[in-house]
Amino acid sequence: MTSLSSSTPVPPPKRVLVIRYSQTGQLDAVAEQILAPLRADPGIRVHVETLRPLQPHPFPWPFLTFFDAFPESAHMRPPPLAPLSLKGDENFDLVILPYQVWFLAPSLPITAFLQHPVAARLLNGKPVVTVIACRNMWLLAHEKLKVLLAATGARLIDNVVLTDPGNTFATFITTPVWLLSGRKRGFWGLPDAGLSVAQITGARRFGLALRDALRSDAERGSNPLLAGLGAVIAQPRLYISEKAGTRSFYLWGKLIMAVGKPGSWQRKPLLVLYVLFLLALIVTVVPVSLSLQALFRPLFRGWLTKMKARFEHPSGSATDRSHLYDD
Numbered sequence: 030m031t032s033l034s035s036s037t038p039v040p041p042p043k044r045v046l047v048i049r050y051s052q053t054g055q056l057d058a059v060a061e062q063i064l065a066p067l068r069a070d071p072g073i074r075v076h077v078e079t080l081r082p083l084q085p086h087p088f089p090w091p092f093l094t095f096f097d098a099f100p101e102s103a104h105m106r107p108p109p110l111a112p113l114s115l116k117g118d119e120n121f122d123l124v125i126l127p128y129q130v131w132f133l134a135p136s137l138p139i140t141a142f143l144q145h146p147v148a149a150r151l152l153n154g155k156p157v158v159t160v161i162a163c164r165n166m167w168l169l170a171h172e173k174l175k176v177l178l179a180a181t182g183a184r185l186i187d188n189v190v191l192t193d194p195g196n197t198f199a200t201f202i203t204t205p206v207w208l209l210s211g212r213k214r215g216f217w218g219l220p221d222a223g224l225s226v227a228q229i230t231g232a233r234r235f236g237l238a239l240r241d242a243l244r245s246d247a248e249r250g251s252n253p254l255l256a257g258l259g260a261v262i263a264q265p266r267l268y269i270s271e272k273a274g275t276r277s278f279y280l281w282g283k284l285i286m287a288v289g290k291p292g293s294w295q296r297k298p299l300l301v302l303y304v305l306f307l308l309a310l311i312v313t314v315v316p317v318s319l320s321l322q323a324l325f326r327p328l329f330r331g332w333l334t335k336m337k338a339r340f341e342h343p344s345g346s347a348t349d350r351s352h353l354y355d356d
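Per the numbering used here: the sequence shown = residues 30 to 356.
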């Protein structure tokens, strides 16, 4: 008598799409930490789509070139991208979207992708994990990104935010110096610009958690995959400053776009004028706003608590699962 043995069918590999653009390389370093556990799993296939603007953004940025990017950033009117390798008919189980914040909005290459015809075909109905690496102001940029994602039909299930550990006033100096000169190391007693090495390497825990979630098909549900890992800590006290900055970027951006296209000489006098206005805003409105909020914080405790919960949704700031992924 011959015995028949049955074998369990091997499920097809999970497919993960990563859409990324990193000007300084910092965001790429974070993304690589997250992707390493996924790439190491034989049951997961990772496709990285690196966005390439037709007109590259230099790093370090020349001074006026840097500020010349703010009108289109604020109005989310990006220049075109080089052709994508994706056609839109590919099927992915999970999408990871790391992005930078430019002038309180998603970076122009990311905005360009989300408005690209291919994006809606790729992302419709797909779970998306966003990853932000920035100085400290990201609240309104993420609100704008959520609108763009919703237009594609994507499902935002997680958000990871890594911010510069330096204090607000130190980073007002160190971040522009880094972007305009390429110097990341601190000076005059100020800290280094950007994320710390520990923050970048610590992002690996998110990749480990995503790997486990894909193994159990958790991405098909509606719950966040990265809850309990300290994914995001929101600072609602910065909201008012962001609102003021966003409004100024929008109004001045509209004026500057009216006089010429990006790179045109007609823009330069207005850009210089705006830089002076921005400096005045930073040394007056921002500290006054933060001081008043500190003074009246007890009166607005309930509002701040609600705002914090809103901006930390869906992944949250809790760390009860972090020990599971400590290396």
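We put the CB at the ideal spot given by N, CA and C, even for glycine. The model shown is predicted, which means the values in this text are computed figures rather than measured ones.
Close Cβ partners of residue i (< 6 Å) along its chain, the five nearest in sequence each way excluded
i, result
"residue 191", "162, 224, 228"
"residue 341", "261, 263"
"residue 158", "125, 187"
"residue 333", "265"
"residue 132", "99, 102, 103, 278"
"residue 189", "160, 235, 260"
Neighbour-count burial assignment, residue i, 16 or more Cβ in a 10 Å radius
i, result
"residue 344", "buried"
"residue 69", "exposed"
"residue 171", "buried"
"residue 145", "buried"
"residue 129", "buried"
"residue 331", "exposed"
"residue 93", "exposed"
"residue 55", "buried"
"residue 348", "exposed"
"residue 118", "exposed"
"residue 134", "buried"
"residue 83", "exposed"
"residue 121", "buried"
Same chain only: Cβ atoms within 7 Å of residue i, ignoring 5 sequence neighbours per side
i, result
"residue 181", "143, 148, 149, 152, 153"
"residue 296", "97, 285, 288, 289"
"residue 95", "208, 209"
"residue 202", "219"
"residue 346", "259, 261, 262"
"residue 242", "248, 254"
"residue 14", "Nothing about residue 14 can be reported from this structure: the residues present for the chain run from 30 to 356 only."
Under the three-state DSSP convention, the category residue i falls into
i, result
"residue 131", "strand"
"residue 125", "strand"
"residue 173", "helix"
"residue 185", "strand"
Minimum C-alpha distance to residue i - residue among the options
i, options, result
"residue 100", "258, 300, 198", "300"
"residue 62", "93, 233, 140", "233"
"residue 47", "67, 55, 110", "67"
"residue 167", "346, 239, 271, 177", "271"
"residue 113", "80, 291, 317", "80"
"residue 339", "310, 268, 348, 213", "268"
"residue 88", "122, 173, 205", "205"
"residue 139", "64, 111, 312, 307", "111"
"residue 185", "64, 252, 240", "252"
"residue 165", "198, 183, 351", "198"
Through-space distance from residue j to residue i, alpha-carbon basis
i, j, result
"residue 155", "residue 124", "7 Å"
"residue 160", "residue 37", "36 Å"
"residue 247", "residue 45", "14 Å"
"residue 108", "residue 39", "44 Å"
"residue 86", "residue 52", "7 Å"
"residue 74", "residue 42", "6 Å"
"residue 323", "residue 179", "35 Å"
"residue 281", "residue 320", "26 Å"
"residue 200", "residue 304", "17 Å"
"residue 175", "residue 327", "30 Å"
"residue 226", "residue 298", "40 Å"
"residue 216", "residue 196", "14 Å"
"residue 258", "residue 77", "24 Å"
"residue 230", "residue 58", "9 Å"
"residue 293", "residue 249", "48 Å"
"residue 244", "residue 71", "11 Å"
"residue 238", "residue 213", "31 Å"
"residue 317", "residue 310", "10 Å"
"residue 33", "residue 255", "Since pLDDT at residue 33 reaches only 48, below the 50 mark, its modelled position is unreliable, and the value read off the structure follows with that caveat. Using only the alpha carbons, I get a separation of about 43 Å."
Residue i beta carbon near the ligand FMN (any heavy atom closer than 6 Å)
i, result
"residue 345", "No copy of the ligand FMN occurs in the structure displayed, which carries no ligand at all."
Cβ-based neighbour list, residue i, same chain, cut-off 8 Å, excluding 5 preceding and 5 following
i, result
"residue 283", "100, 104"
"residue 194", "220, 224, 225, 228"
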